[in-house]
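Counting in my numbering, the sequence shown runs from 454 upward without gaps. Worksheet: one structure, shown below.
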Amino acid sequence: MNPLSAGTCAAAPAGEGRRRQRRSAFEGRKLEKRLVRLTGQAVSDYGMIGAGDRVMVCLSGGKDSYALLDILRILRARAPLSFELIAVNLDQKQPGFPANVLPDYLREQGVPFRIETQDTYAIVRRLIPDGKTTCSLCSRLRRGVLYRVASELGATKIALGHHRDDILGTFFLNLFYGGRIKAMAPKLVSDDGRHVVIRPLAYIPEADLERYAQTKRFPIIPCNLCGSQENLKRKQVQQMLAEWQRRFPGRVENAFHALARVTPSHLLDRSLFDFPGLQPTGIADPEGDIAFDEGPASAEPAQADPSTAEPPHAALGSARIRPIAE
Ligand code: SF4
Numbered sequence: 454m455n456p457l458s459a460g461t462c463a464a465a466p467a468g469e470g471r472r473r474q475r476r477s478a479f480e481g482r483k484l485e486k487r488l489v490r491l492t493g494q495a496v497s498d499y500g501m502i503g504a505g506d507r508v509m510v511c512l513s514g515g516k517d518s519y520a521l522l523d524i525l526r527i528l529r530a531r532a533p534l535s536f537e538l539i540a541v542n543l544d545q546k547q548p549g550f551p552a553n554v555l556p557d558y559l560r561e562q563g564v565p566f567r568i569e570t571q572d573t574y575a576i577v578r579r580l581i582p583d584g585k586t587t588c589s590l591c592s593r594l595r596r597g598v599l600y601r602v603a604s605e606l607g608a609t610k611i612a613l614g615h616h617r618d619d620i621l622g623t624f625f626l627n628l629f630y631g632g633r634i635k636a637m638a639p640k641l642v643s644d645d646g647r648h649v650v651i652r653p654l655a656y657i658p659e660a661d662l663e664r665y666a667q668t669k670r671f672p673i674i675p676c677n678l679c680g681s682q683e684n685l686k687r688k689q690v691q692q693m694l695a696e697w698q699r700r701f702p703g704r705v706e707n708a709f710h711a712l713a714r715v716t717p718s719h720l721l722d723r724s725l726f727d728f729p730g731l732q733p734t735g736i737a738d739p740e741g742d743i744a745f746d747e748g749p750a751s752a753e754p755a756q757a758d759p760s761t762a763e764p765p766h767a768a769l770g771s772a773r774i775r776p777i778a779e
């Protein structure tokens, strides 16, 4: 056998493996950089964290909360201002919950933490008949415990791991089933009025958090230990968004950006805009309302194939020459 050719054959797969490893490490670093940047942007846009803050990071053992803690730690190390992080997990005594996973991980990472044990699972089982949805009582109990722990720890902020698609999904749930224009706030005062809750991952798509969790090999704890069925309506909305993502590139991003570009004068909420007091200004405004013409949104073409989609300016143009009575 030709030793050279033998050497080449044996080295090729190893070389290929190393190339793949390097590539994946590079992609991992790129992803981390992007997620850190987006989180930093959201934190700054909504004034989520200030100097001297003690941020309680709620850690469930799911991919989102692991990513939240990990990214906030990176930001903390780089931030020009000083703030503290403390991870908190509520062990709700769900059957099969691996109680050692989070403490082991947090110790290994050197993160200060507190594990709070409260058997809310038993309370929920006792109070909710079989077959009924348990989530609302469960989350109410969990909220109460976390607020108490935040007070005990002197936390000035409570950070949750909700991401862009949670926010958008909630928006459509409220729109379709609640008849309200309302999403999930990036920063809010808790319902007991005593805490400020922040969502630093507000700008991050869920798919990126999935990839991040794989790259970082977080020790994920399954989220179905309570045996509760996933909310069917939320699931349908998630499927709708996933379908849009697949068939209409850019639509989900546009819908999300729209949440930060609201025009109260063009909605119908009288508490947000003084319609009765509206008067002509007497000043022409080239950027002003075109009144009778359809806006670009209502002229959105049906984009069965994104590669043949009409560009927005063309859609706007065709809308403008449409007769008013049409
Ligand atoms: S899915 Fe289970 S743990 Fe989560 S809120 Fe519902 S009942 Fe509670």
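Each residue gets a CB set at the ideal place from its N, CA and C atoms; glycine is no exception. Since the structure is predicted, the reported quantities are computational estimates derived from the model, not experimental observations.
8 angstroms contact criterion, which residue i and residue j should meet: CB distance rounded
{"i": "Thr570", "j": "Leu594", "result": "Their Cβ separation, rounded to whole angstroms, is 13 angstroms, which puts Thr570 and Leu594 out of contact at 8 angstroms."}
{"i": "Tyr656", "j": "Leu484", "result": "Going by Cβ atoms, the distance from Tyr656 to Leu484 rounds to 14 angstroms, so no, they are not a contact pair."}
{"i": "Leu621", "j": "Leu528", "result": "About 23 angstroms; that fails the 8 angstroms criterion."}
{"i": "Leu488", "j": "Asp619", "result": "Their Cβ separation, rounded to whole angstroms, is 15 angstroms, which puts Leu488 and Asp619 out of contact at 8 angstroms."}
{"i": "Glu537", "j": "Val508", "result": "7 angstroms"}
{"i": "Arg704", "j": "Leu626", "result": "Wrong, their Cβ atoms sit about 17 angstroms apart, outside the cutoff."}
{"i": "Val564", "j": "Leu599", "result": "The pair is not a contact, with the Cβ atoms about 17 angstroms apart (cut-off 8 angstroms)."}
{"i": "Pro675", "j": "Val554", "result": "Rounded, the Cβ-Cβ distance is 11 angstroms, inconsistent with contact."}
{"i": "Val649", "j": "Lys640", "result": "7 angstroms"}
Strand pairing of residue i, partner residues [DSSP]
{"i": "Asn542", "result": "Ile568"}
{"i": "Val650", "result": "Ile611, Leu641"}
Residue i: first and last residue of the uninterrupted alpha helix (DSSP H) it sits in
{"i": "Leu731", "result": "Taken as a continuous stretch (DSSP letters only), Leu731 belongs to no alpha helix (DSSP H), as it is neither H nor E."}
{"i": "Leu594", "result": "588–606"}
{"i": "Glu663", "result": "659–669"}
{"i": "Met693", "result": "685–700"}
{"i": "Pro717", "result": "Neither: Pro717 is in no alpha helix (DSSP H) and is coded neither H nor E."}
{"i": "Arg625", "result": "A small fix is needed here, since residue 625 is Phe in this sequence, not Arg. 617–626 is the extent of the alpha helix (DSSP H) around Phe625."}
{"i": "Ala711", "result": "704–711"}
{"i": "Asp557", "result": "554–562"}
{"i": "Ile743", "result": "Taken as a continuous stretch (DSSP letters only), Ile743 belongs to no alpha helix (DSSP H), as it is neither H nor E."}
{"i": "Arg579", "result": "573–580"}
Residue i, buried or exposed, once every other Cβ within 10 Å from all chains shown has been counted against 16
{"i": "Gln732", "result": "exposed"}
{"i": "Ala437", "result": "What the structure shows of the chain is the stretch from 454 to 779, and residue 437 is not part of that stretch, so it cannot be assessed."}
{"i": "Asn677", "result": "exposed"}
{"i": "Ile539", "result": "buried"}
{"i": "Asp738", "result": "exposed"}
{"i": "Lys585", "result": "exposed"}
{"i": "Thr734", "result": "exposed"}
{"i": "Tyr630", "result": "exposed"}
{"i": "Val642", "result": "exposed"}
{"i": "Ala711", "result": "exposed"}
{"i": "Arg652", "result": "buried"}
{"i": "Thr587", "result": "buried"}
Residue i: CB within 7 angstroms of a non-hydrogen atom of the ligand SAH
{"i": "Thr623", "result": "You won't find the ligand SAH in this model; what it holds is the ligand SF4."}
Exercise for the section: Give, in chain order, every unbroken run of the alpha helix (DSSP H) that is at least 4 residues long and sits entirely within the segment 506–537. Expected result: Listed in chain order, the complete alpha helix (DSSP H) runs (minimum 4 residues) inside the segment 506–537 are 516–531.
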